[in-house]
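Numbering-wise, the numbering used here puts 14 at position 10 of the sequence shown, and it's gapless, one number per residue. Encoded as structure tokens, the structure appears first; notes follow it.
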Amino acid sequence: IRQGHLVVIHLPRSVTWIACVLGLVKIGAVYLPLDPAFPEERKRLLLEHSRAPFMVEWDDASKFLRVKSLQQGNPFVLSQEALYVIFT
5 IRQGHLVVIH
15 LPRSVTWIAC
25 VLGLVKIGAV
35 YLPLDPAFPE
45 ERKRLLLEHS
55 RAPFMVEWDD
65 ASKFLRVKSL
75 QQGNPFVLSQ
85 EALYVIFT
């Protein structure tokens, strides 16, 4: 994950969520919050339309956060001025 990459944060609002946001802001990445409580169809549409290359989520098996690659190849880069992406 580098400056300008769009990263989905698929976590409930928590201290961990805040730490992820701060880490992404620190490296200049752009975040897209995706609440795990959203209906599956809504989450699928947001992931499809955002074309985000990475997603941070909780791994129940290891009890750690993991970064999941969502796209193959070179991820596109957003403006260095962007902070987050919100779908309404």
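Glycine included, C-beta positions come from ideal geometry on N, C-alpha and C. Keep in mind it's a predicted model, so treat the numbers as computed, not measured.
Handout entry: Beta-carbon contacts of W21 that lie in its chain and below 7 Å, excluding the five residues immediately before and after
Key = Position 17 of the sequence shown, counted from the first residue, corresponds to residue 21. So the qualifying residues of the chain are I13, L15.
So, is A65 buried or exposed, given that buried needs 16 or more other C-beta atoms within 10 angstroms? As a position in the sequence shown, residue 65 is number 61, starting the count at 1. It counts as exposed.
Output the distance between the C-alpha atoms of V19 and K67, rounded to the nearest integer angstrom. Translated into the one-based positions of the sequence shown, residue 19 becomes position 15. Translated into the one-based positions of the sequence shown, residue 67 becomes position 63. In a straight line, the C-alpha of V19 is about 15 Å away from that of K67.
task: Take A41 and list the residues in its own chain whose beta-carbon comes closer than 8 Å to its own, dropping the five residues that flank it on each side.
output: Reading the sequence shown from its first residue, position 37 is the one you call residue 41. Around A41: P16.
* To do: Take L96 and list the residues in its own chain whose beta-carbon comes closer than 8 Å to its own, dropping the five residues that flank it on each side.
  => Past the boundaries of the shown model lies residue 96; the chain is included only from 5 to 92, so the question cannot be answered.
_What does the Cβ neighbour count give for H9, buried or exposed, with the cut at 16 atoms within 10 Å?_
In the sequence shown, the residue the question calls residue 9 occupies position 5. It is buried - the Cβ of H9 has at least 16 other Cβ atoms within 10 Å.
Rounded to whole angstroms, what is the Cα-Cα separation between L87 and R6? If you number the sequence shown from 1, residue 87 lands on position 83. If you number the sequence shown from 1, residue 6 lands on position 2. Spanning the two alpha carbons is a distance of roughly 13 Å.
Pull the bridge partners of S54 from the DSSP assignment, please.
Start at 1 with the first residue of the sequence shown, and residue 54 comes out as number 50. Bridge pairing for S54: absent [DSSP].
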